[in-house]
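2 protein chains.
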Amino acid sequence: MEPLGSFQMLPFAKPRMVAASEIYIQQGKVFKKIFFIKKGILRSYYITESGEEKTIFFRWEGQMAAVPECIFDQEPTRQIWQALEDCELLEIDFDLVEKMSENNFTLVRTRMGFAQKMLLESLKRVESFVLDKPEMRYQKLIAQKPEIIKRVADKHIASFIGVTPVSLSRIRKRLASQKK
Amino acid sequence: MEPLGSFQMLPFAKPRMVAASEIYIQQGKVFKKIFFIKKGILRSYYITESGEEKTIFFRWEGQMAAVPECIFDQEPTRQIWQALEDCELLEIDFDLVEKMSENNFTLVRTRMGFAQKMLLESLKRVESFVLDKPEMRYQKLIAQKPEIIKRVADKHIASFIGVTPVSLSRIRKRLASQKK
DNA sequence: TAATGAAATTAGCTTTTGTTAATTTTTAAT
DNA sequence: ATTAAAAATTAACAAAAGCTAATTTCATTA
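Residue numbers (this note's numbering), protein chains in the order written: chain L, 1 to 180; chain G, 1001 to 1180.
What follows is the structure, given as structure tokens:
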């Protein structure tokens, strides 16, 4: 979320390309990097016991991203990250971030601000799950991130808002008929 | 979430009592304090257009709490905080925290760690909304926070997991019959 | 351009949830 | 202990969502 311009780790970033549909981060890995997305969209998803893919997040160009449980708690992740378009990333080793944070006030402040931004985003999403029906979550998503929605398959949107693809299709139909 | 012991703002904290069922934070306020809960439980909730109360959060003894949009963005909140038991709080002025953060490395690190912990908690909750049905969310809640659940009315639990009180009652009945 | 495969939609049916209202149970107060 | 109020449960019905499978649409590539 934090623009890279304000991020002093830039000189240590290494470019990385991921082709559309390729897996960037594998399940079970302790992925101790943060990465800036220069171009493209990725999604992170889980595979349920019944084998379904459930998309949790989208991240796209201009955003920083990471696997929270990996960088905060050194835990292996159950998430999988997949590029939905050809992606250009800049990777930064998180151990280096930690090391530099030992005596770098500005960096720690930046990290704090970043965590706070992510927190606000996540809390908004929890609120929407508590307050809104799936239909409203979909409408808000279209209103707030129209350009992203267009670039992502509906089936991924569906689990992002907590429903099945079939149900999202019905929601779309309902909304279309209400407009007329 | 962060124990107060590790929190150097303790000397600046002011005690505050809130009786059970009383409103602690009013809607529309820019509540620029953080507070430590020495004793008791509070909930934060929204009132929907149709007048229903939707509980978003519980916070209880041993935890730090704040209204994110107030302290991060100086925005008035739509949340209401209510004490569910007689509460003993320790309030800390957030402007003071900000001022002390200007040149206090340890404090900024503590705040970063706190934001990260809250973020992990919030992300887990989003995951549960995407991956689990209400029934599973309820079961996980019982498994993970049994002592808290017992102290809180079911109708508040219901909106916390994203269903109506009637639906939670049915979920409870289903689970009870499955056990036998 | 045609063919192939994936995605989205639709249909039919089942399960769950929402809604409203009545009833029972629990809690708190007199 | 009795009463009053609130909370939880139950019931009945409508609406929405899940599930499976068939069909249509869309996108990719040979």
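Don't be surprised by glycine CBs; every beta carbon is placed ideally from N, CA and C.
Sheet register partners of residue i (DSSP bridge)
i	result
glutamate 1091(G)	Lys1014(G), Phe1035(G)
lysine 1054(G)	Tyr1046(G)
arginine 59(L)	Leu42(L)
methionine 181(L)	A query on residue 181(L) cannot be resolved here, the shown segment of chain L reaching from 1 to 180 and no further.
isoleucine 1080(G)	Tyr1045(G)
isoleucine 1025(G)	Trp1081(G)
Classification of residue i by the beta-carbon crowding that lies within 10 angstroms, buried from 16 upward
i	result
phenylalanine 129(L)	buried
leucine 10(L)	exposed
arginine 170(L)	exposed
glycine 1062(G)	exposed
isoleucine 23(L)	exposed
methionine 112(L)	buried
arginine 151(L)	exposed
proline 1015(G)	exposed
alanine 153(L)	exposed
glycine 1040(G)	buried
Cβ-heavy atom distance, residue i to the ligand SAM, below 7 Å
i	result
valine 1166(G)	Of the ligands one can find in the structure shown there are none, so the ligand SAM has no counterpart to examine.
Contact list for residue i against chain G, beta-carbon separation under 7 Å
i	result
phenylalanine 72(L)	Gln1116, Leu1120
Any chain L beta carbon closer than 8 Å to residue i
i	result
tyrosine 1130(G)	According to the sequence shown, residue 1130(G) is valine rather than tyrosine. Closer than 8 Å: yes.
glutamate 1002(G)	The pLDDT assigned to glutamate 1002(G) is 48, lower than 50, so where the model puts this residue is not dependable; a value taken from the coordinates is nonetheless given after this. For glutamate 1002(G), the answer is no, since every Cβ of chain L falls outside 8 Å of its Cβ.
isoleucine 1056(G)	yes
lysine 1180(G)	Low per-residue confidence applies at lysine 1180(G): pLDDT is 49, beneath 50, and the placement is therefore not dependable enough to give any value.
methionine 1100(G)	no
phenylalanine 1035(G)	no
serine 1177(G)	no
serine 1159(G)	yes
phenylalanine 1094(G)	no
valine 1126(G)	yes
phenylalanine 1105(G)	yes
Chain G contact for residue i (CB, 8 Å cutoff)
i	result
serine 167(L)	no
proline 68(L)	yes
methionine 9(L)	no
leucine 123(L)	yes
valine 30(L)	no
Beta-carbon neighbours of residue i, restricted to chain L and to distances below 7 Å
i	result
glycine 1162(G)	Phe129, Val130
methionine 1112(G)	Val108, Arg111, Met112, Ala115
Contacts of residue i in chain G (Cβ-Cβ under 9 Å)
i	result
threonine 48(L)	Leu1131
Contact set between residue i and chain L, taken where Cβ atoms lie within less than 8 Å
i	result
serine 1044(G)	Simply none; closest approach about 10 Å.
For the stretch 1131-1174 of chain G, which segments carrying the alpha helix (DSSP H) assignment without a break, of at least 4 residues, lie completely within its bounds, in sequence order?
-> If only uninterrupted alpha helix (DSSP H) runs of at least 4 residues are considered, those enclosed by the stretch 1131-1174 of chain G are 1134-1144, 1146-1150, 1154-1160.
Tell me the start and end of each unbroken beta strand (DSSP E) in the stretch 1083-1127 of chain G that is at least 3 residues and wholly inside, in chain order.
-> You should have 1087-1093.
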